Every structure is written in structure tokens, then in C-alpha cells.
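S.K.:
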Amino acid sequence: MTTTSYREYAMDLRERMQKLRSSDNVRGTMEVVIFRNAFCYRSFEVVGKAYRRDYHSGSINTESKLVREDGQDTCREIDSFFLLPEVYAYSDRALQADRNPLKHSHWDGTLALIEVKYSTAVTTWHQRMLFIGFCDPIHADFAMALDKDIFKDGSSGGTRLFEWRPVGIPQINRSADAQPAQPKCPASGFSAQSLPPGCRECLSSSGGSRSQTKCAGRFAVDVGAGVMDLPLSS
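Under this note's numbering, the first residue of the sequence shown carries the number 205, and numbering increases by one thereafter.
1) DSSP on Asp258, reduced to helix/strand/coil?
2) Give me the Cβ distance between Gly337 and Gly313, rounded to the nearest whole Å; I'm assuming they're in contact under 8 Å.
3) Can you name, in chain order, every residue of its own chain whose Cβ lies under 6 Å from the Cβ of Lys253, other than the five neighbours on each side?
4) Which class does Leu317 belong to by DSSP, given the choice of helix, strand or coil?
5) Candidates Arg332, Val326, Asp283: which alpha carbon is nearest Ser295's?
6) Pull up the DSSP beta-bridge partners for Phe338, would you.
7) Ser247 to Ser263, Cα distance in whole Å?
8) Quick one: what does DSSP say His343 is sitting in, helix, strand or coil?
9) Could you check whether Thr207 and Met348 sit closer than 7 Å to each other, using their CB atoms as the reference points?
10) Just how far apart, CA to CA, sit Val236 and Ile318?
11) Would you check if the distance between the CB atom of Cys244 and the CB atom of Leu288 is smaller than 7 Å?
12) Please classify Arg272 as buried or exposed, where buried requires at least 16 other C-beta atoms within 10 Å of its C-beta.
13) What does the alpha-carbon distance come out to for the pair Thr327 and Asp258?
14) Leaving out five residues before and five after Arg297 in sequence, what residues of the same chain have Cβ atoms less than 8 Å from its Cβ?
15) Could you pull out every residue in the same chain whose Cβ sits closer than 7 Å to the Cβ of Met234, ignoring the five residues on either side in sequence?
16) Taking only the alpha-carbon atoms, compute the straight-line gap between Arg256 and Arg280 and give it to the nearest angstrom.
17) With distances taken between CB atoms, is the gap from Phe239 to Leu350 smaller than 7 Å?
18) By how many angstroms is the C-alpha of Glu212 removed from the C-alpha of Gly275?
19) Output needed for Ala214: all residues of its chain with C-beta closer than 7 Å, excluding positions within five of it in sequence on either side, in chain order.
20) Could you give the distance in angstroms between the alpha-carbon of Asn265 and the alpha-carbon of Gly372?
21) The alpha helix (DSSP H) spanning Glu273 covers which residue range?
22) Buried or exposed, going by whether 16 or more other CB atoms sit within 10 Å of the CB of Ile282?
As C-alpha cells, this is what we get:
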């Protein structure tokens with residue numbers, strides 16, 4: 205099976221998240237959770253007219269809750285992830301209890317769980333992806349050889365981890381007025397109620413070659429006053 209590079213998808217996702225932050229014509233949420241060197245960094249944003257952003261961080265090897273922070277460390281980790289030259293994405297197969305990458309420390313790579321869901325006057329768009337990034341192809345090749353069957357091959361299918369797709373009813377699960385509960389660290393027994401919402405969903409289920417093929421097509425969708433070019437797998 206060929207493992208597809210998702211670096212271009214990740215760069216495109218970052219650009220669209222930046223556009224959403226400055227738009228008053230949408231409503232939605234964006235959550236990014238970075239796992240690196242046994243530490244967790246979480247950013248949660250409500251986008252639209254009532255924009256806000258919260259940051260938490262903490263060790264994934266303790267039972268303690270993640271601690272609210274000023275965002276400097278979390279933003280630095282998020283920016284560093286998007287600068288990594290080697291980025292790949294996990295499929296639903298990675299969420300099996302004995303293989304879930306969220307349950308292990310990755311000293312040679314950075315995990316990023318990114319969920320974005322927002323509504324326009326036209327529809328609702330949603331994506332939830334679990335990426336792993338590496339600083340060089342040597343570490344990437346090693347990871348591919350060990351777990352080649354749990355990485356996405358460029359297809360958009362998936363029930364828990366999936367690329368951009370439209371949602372039938374233009375609404376979001378979390379109200380812009382609702383305050384997100386303070387998350388506990390992902391190592392605390394992996395209880396569904398103790399995790400950030402994105403991790404909660406991904407933890408609810410119990411030697412290939414790498415391809416640089418672009419995994420996302422282009423699709424224009426109305427976003428209030430303008431047009432946002434969304435990535436949709438063909």
C-alpha cells in the first residue's frame with residue numbers, strides 16, 4: 205500500500221484556519237491538539253463574531269488536568285508542526301485499541317489532532333484529521349515501515365478521521381456561547397469525559413512506499429461576503 209504525503213493538505217488547512225479567524229460571516233470551532241515529547245498542547249477556538257481562543261498544556265504521563273496558559277508555548281508548537289517537511293495522516297485503522305498513536309509517546313515525530321467545523325449560509329463543513337510530522341525523511345521512512353497499514357493512502361473515507369466534507373444540516377455541535385470544559389490530559393485512563401473533544405472521539409474506538417501525490421482537490425464554496433476555496437478529496 206502506498207502512503208500519501210499530507211503536507212500539502214496540512215498547509216492548505218492552516219491557510220483556511222487563518223481565513224476563518226478573520227471572518228465574521230461564519231460560525232464554528234477549531235481545535236488543535238499537539239503531542240510531542242510526552243507533552244500535550246491544546247488550542248480551542250470559536251470563530252465568527254464572538255471569536256475567542258483558549259490554550260491548555262500539560263504532561264500526558266500524569267493524571268492531572270491540562271493547565272490553562274497564555275498560548276505562547278502552544279502557538280509555538282502548532283507553528284513548528286506546520287513547518288515540518290514530512291507530514292502523514294492516520295486512518296481509522298490507527299484507532300484500534302492496541303495501535304492508537306495517541307496512547308504512545310512519539311520521540312521521533314509530532315502528532316497533531318486537528319478538528320475544524322464551521323457553518324456558512326450555504327452549508328456546514330467538517331474535517332477531523334490525525335497527522336504525524338517528521339523533521340526528515342529518514343524518521344518518516346522508519347515510521348512508514350513499522351505501521352504502513354494504519355496511514356491514509358489518499359482516500360477521503362473514514363468515520364472518525366476524515367478530510368473536508370459537507371454536513372447535511374448547517375449547524376455545529378458546540379454553541380459559540382458554550383464554555384469548553386477544562387480538559388484532562390490524554391493519559392488519564394483515556395476516559396471519554398476526561399479528554400479534549402477531538403481526542404475523545406478518536407479514543408472512543410477501540411513497509412510501504414511514500415507518495416508525494418496531492419491528496420486534495422479544489423472546491424469553491426460561498427463564505428458570506430467572499431469565496432473560500434476548500435480542499436475536498438476527489
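Glycine included, C-beta positions come from ideal geometry on N, C-alpha and C. This one's a predicted model, so the numbers in the text were calculated from it and none came from an experiment.
M.R.: With the given structure in hand:
1) The answer is strand: DSSP assigns Asp258 an E or B state.
2) Correct: roughly 6 Å between the Cβ atoms.
3) So the qualifying residues of the chain are Asp228.
4) Strand at Leu317.
5) The candidate whose alpha carbon is nearest that of Ser295 is Arg332.
6) In the DSSP assignment, Phe338 forms a beta bridge with Glu290.
7) Counting only the Cα atoms, Ser263 lies some 15 Å from Ser247.
8) In the structure shown, His343 sits in a helix (DSSP, three-state: H, G or I).
9) The answer is yes: Cβ separation under 7 Å.
10) Taking the straight line joining both Cα atoms gives about 5 Å.
11) No, these two residues do not count as a Cβ contact at 7 Å.
12) By the 10 Å Cβ count, Arg272 comes out exposed.
13) Annotation: Thr327 to Asp258 spans about 26 Å, alpha carbon to alpha carbon.
14) Contacts found: Arg303, Asp353, Ile354.
15) Taken in chain order, the residues that qualify are Met221, Leu224, Glu249, Val251, Val320.
16) Between the alpha carbons of Arg256 and Arg280 lies a distance of about 18 Å.
17) Cβ atoms of Phe239 and Leu350: not closer than 7 Å.
18) If you take the alpha carbons of Gly275 and Glu212, they lie about 26 Å apart.
19) Phe286, Val291, Phe335.
20) Between the alpha carbons of Asn265 and Gly372 lies a distance of about 39 Å.
21) Counting along the chain, Glu273 sits inside no alpha helix (DSSP H), nor does DSSP assign it H or E at all.
22) Ile282 comes out buried.
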